[in-house]
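To convert, note that position 64 of the sequence shown is 64 in full-length UniProt numbering; the numbers rise steadily by one, no gaps.
Beta carbons: idealized from backbone N, C-alpha and C, even for Gly.
Here the structure is laid out as structure tokens; the discussion comes afterwards.
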Amino acid sequence: MKRVVVLTGAGISAESGLKTFRDSDGLWEGYNIEDVATPEAWECNPVLVQDFYNERRKSVLAAEPNAAHYALAKLEEQYDVTIITQNIDDLHERAGSTNVVHLHGIITRSQSSIKANLTYPIDGWELKMGETCELGSQLRAYVVWFGEAVPMIETAAQLCSKAELFILVGTSLAVYPAAGLINYVPRDVTKYIIDPNIPTIANRHIVEMPYKATVGVPMLVNELIGNS
Ligand code: APR
């Protein structure tokens, strides 16, 4: 089966009702990153940070996968698909995708504040202050904050270097190291970009699809399945 690597960003979940970060009325319009998404913020005001992610978890649990998530799950019928997502929602999994790499963590799990790879499932939307890991430290959302290492980036780069087809959906490519992954894809491999506002990419064999995810992804998947 042909190896397909898909890199997704907040745009693929926009039509499921989850805010993106940098579009107008995006998440970073309402909050300062420094106040809610850095280790310093957690040090200074853990309650504000915990509440921020509890609110986002509530929205994720209330959201449903959309046609783009389901189309990528369907692609697995005829391709060896790996999804590398920057998103912390679980919509790819809930749509049926079985091979998802979360670069920035996943909001449905918590992690120890002192041992990052100690993670636990969260039951419901609220992670309370006072809930501790087995080492006794306060549990926080299992999310990679700005300034923290991205443990899965080497794995993701390896996967991109072996891609035989690459699809980029709904990301502004504003944040590294995720934004640099496209450069690990072999130059002669076709790279489909699905986004109403195609980001500027200096690369070869780019196919631009200026559509919303729920239009562009099913369109591409139907073409790929039809031609396989
Ligand atoms: N369909 C497809 N793409 C869309 C849609 C849609 N319906 N709506 C918006 N987009 C596109 C925008 O045009 C933009 O290119 O989604 C992208 C959203 O960009 P960002 O808000 O920057 O989100 P993302 O690229 O995922 O951000 C990367 O930044 O803040 C950090 O950790 C956070 O993982 C996030 C990272």
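Assuming residue i contacts residue j under a Cβ cut-off of 8 Å, what Cβ separation, rounded to an integer in Å, is found between them?
i	j	result
V150	V144	6 Å
S110	T119	7 Å
D80	M1	4 Å
R22	S172	5 Å
Y184	A202	That pair is no contact at about 14 Å.
V36	V47	About 11 Å separates the two Cβ atoms, so there is no contact after all.
G11	A213	6 Å
residue 259	P196	Nothing about residue 259 can be reported from this structure: the residues present for the chain run from 1 to 228 only.
E64	S16	6 Å
S113	Q138	5 Å
A95	Y70	5 Å
V5	L159	6 Å
M152	L103	5 Å
I83	T8	6 Å
Per DSSP, which one or two residues make a beta bridge with residue i?
i	result
L7	I84, L168
Does the ligand MG have a heavy atom nearer than 6 Å to the CB of residue i?
i	result
H104	Among the ligands in the structure shown, the ligand MG does not appear; only the ligand APR can be found there.
task: Would you mind listing the alpha helix (DSSP H) stretches within the segment 148-228 that are 4+ residues and don't spill past its ends, in chain order?
output: 153-161, 213-227
Query - 4-residue-minimum alpha helix (DSSP H) runs that sit fully inside the segment 79-163, ordered along the chain - result: 91-95, 153-161
Taking the runs of the alpha helix (DSSP H) that are 4 residues or longer, which of them lie wholly in the segment 38-76?
39-44, 46-62, 67-75
Does the structure place the segment 112-131 close enough to the segment 56-70 that three or more beta carbon pairs sit under 8 Å? yes
*With contact counted as at least three CB pairs below 8 Å, one residue from each stretch, are the segment 170-184 and the segment 135-142 in contact?*
no
* Asked: Hey, is the segment 67-79 in contact with the segment 207-220, meaning 3+ C-beta pairs nearer than 8 Å?
  -> yes
Is it the case that the segment 184-192 contacts the segment 153-168, given that we only count it when at least three CB pairs across the two stretches are under 8 Å? yes
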